[in-house]
Amino acid sequence: MKCIGVKQTQLIVCGYPRGGTSLFYNMMSATLNNHFKFTPFEKYYIYLIHKFGNIASKAPLDINHLAWVDQLNVNKKDLVIIIVIRDIRDVITSRHPIYSDEYFIGYDNSYWPQNKEFTKWKYEGAGVMEITQNIFKVRERKDATIVRYEDLVRTPDSIQDELNAKYELPFHGKFSKYHEVKDKLAYQYEGRFKANDPSLVLEGKEIVNKQARWKSERFEQRIYEQFSECPDLFNVLIEFGYEQDRSWFDYYQNKFSEESSE
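At position 79 of the sequence shown the residue is numbered 66 (this note's numbering), and the sequence of numbers has no breaks.
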């Protein structure tokens, strides 16, 4: 039964794993904590949307579940769907703080926990290409907004202003100051979610607009292999405006072609 006369909102944060969803979610929880119930760590919206109240959740792979959001929205809540994207070259060169042994996601798959303790993982989750296809399917929804990670770390308060103008959210505080209210941060690596590699944990820290990770020499082999095996990745970069063509890859092509011929 719908709760008559009470406006309710479901906030869904999703996108690429290792794409900045955790940072964004903490910015939202730091500034909307008094209005929404923010679920900790990663919870799928499909288990929450039927419940009464203003509820927020974050799970990158919820992007693969949005085809059913209207059907599942039995209480006819207002929807705020935020899809966080990032230069996929940074995405595919990232490692997860809990599972730091391998690159966490590639064009084909991503690592997925096999138990509640997060001690066993398999490379069977959705990869960049599947996720991108689902982003394309839902990005035109009026209640959906794509947020670029690079814009979020460069001008966080401007992103906040844009979201406020679109959704009229009752923000209290600024995205740029989110790290100053650690008690309101919904996403933290602690307890059974403790990071195996704390150096990879950026959630809760002051925003630093660093140079793109993928440009480091140590990731050149990874970039070359992923784009050589899946040329469709070039189209993702172009579609999202990170590149205009494939000329940036000439350096990698020349370097590794020369090495293979020696």
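From the three backbone atoms N, C-alpha and C, an ideal C-beta is built for every residue, glycine too.
Small disclaimer: the values here were computed from a predicted structure and weren't measured.
Backbone CA spacing between residue i and residue j [nearest angstrom]
{"i": "residue 107", "j": "residue 149", "result": "40 Å"}
{"i": "residue 104", "j": "residue 231", "result": "43 Å"}
{"i": "residue 240", "j": "residue 51", "result": "33 Å"}
{"i": "residue 301", "j": "residue 146", "result": "Outside the shown range of the chain (-12 to 249) lies residue 301, about which nothing can therefore be said."}
{"i": "residue 16", "j": "residue 233", "result": "38 Å"}
{"i": "residue 19", "j": "residue 174", "result": "14 Å"}
{"i": "residue 136", "j": "residue 73", "result": "5 Å"}
{"i": "residue 193", "j": "residue -4", "result": "28 Å"}
{"i": "residue 41", "j": "residue 60", "result": "13 Å"}
{"i": "residue 211", "j": "residue 134", "result": "27 Å"}
Host beta strand (DSSP E) of residue i (start-end)
{"i": "residue 134", "result": "131 to 135"}
{"i": "residue 43", "result": "42 to 45"}
{"i": "residue 252", "result": "Nothing can be reported for residue 252, as the shown portion of the chain is limited to -12 through 249."}
{"i": "residue 96", "result": "96 to 100"}
{"i": "residue 68", "result": "65 to 72"}
{"i": "residue 26", "result": "Taken as a continuous stretch (DSSP letters only), residue 26 belongs to no beta strand (DSSP E), as it is neither H nor E."}
Buried versus exposed call for residue i [16 or more other C-beta atoms within 10 Å across all chains shown]
{"i": "residue 251", "result": "Limits of the chain in this structure are -12 at one end and 249 at the other, which puts residue 251 out of reach."}
{"i": "residue 101", "result": "exposed"}
{"i": "residue 213", "result": "buried"}
{"i": "residue -9", "result": "Annotation note: pLDDT 46 at residue -9 (below 50); position unreliable, no value reported."}
{"i": "residue 2", "result": "buried"}
{"i": "residue -12", "result": "Low local confidence applies: a pLDDT of 39 at residue -12 is under 50, so the model's placement there is unreliable, and no value is given."}
{"i": "residue 64", "result": "buried"}
{"i": "residue -2", "result": "buried"}
{"i": "residue 23", "result": "buried"}
For residue i, the first and last residue of its enclosing alpha helix (DSSP H)
{"i": "residue 109", "result": "It is not in any alpha helix (DSSP H) - residue 109 instead sits in the beta strand (DSSP E) that spans 108 to 113."}
{"i": "residue 78", "result": "75 to 78"}
{"i": "residue 19", "result": "8 to 19"}
{"i": "residue 210", "result": "207 to 216"}
{"i": "residue 225", "result": "219 to 226"}
* To do: Evaluate the contact criterion for the stretch 66 to 83 versus the stretch 6 to 15: three or more CB pairs, one atom per stretch, below 8 Å.
  => The stretch 6 to 15 and the stretch 66 to 83 touch, with three or more beta-carbon pairs separated by less than 8 Å.
* Do the stretch 77 to 92 and the stretch 148 to 162 make contact, defined as three or more Cβ pairs closer than 8 Å? -> As far as the Cβ criterion goes, the stretch 77 to 92 does not touch the stretch 148 to 162, which means the pair count is below three.
* At least three beta-carbon pairs within less than 8 Å, the stretch 109 to 124 to the stretch 217 to 229 -> Touching, yes, given that three or more Cβ pairs across the two stretches are closer than 8 Å.
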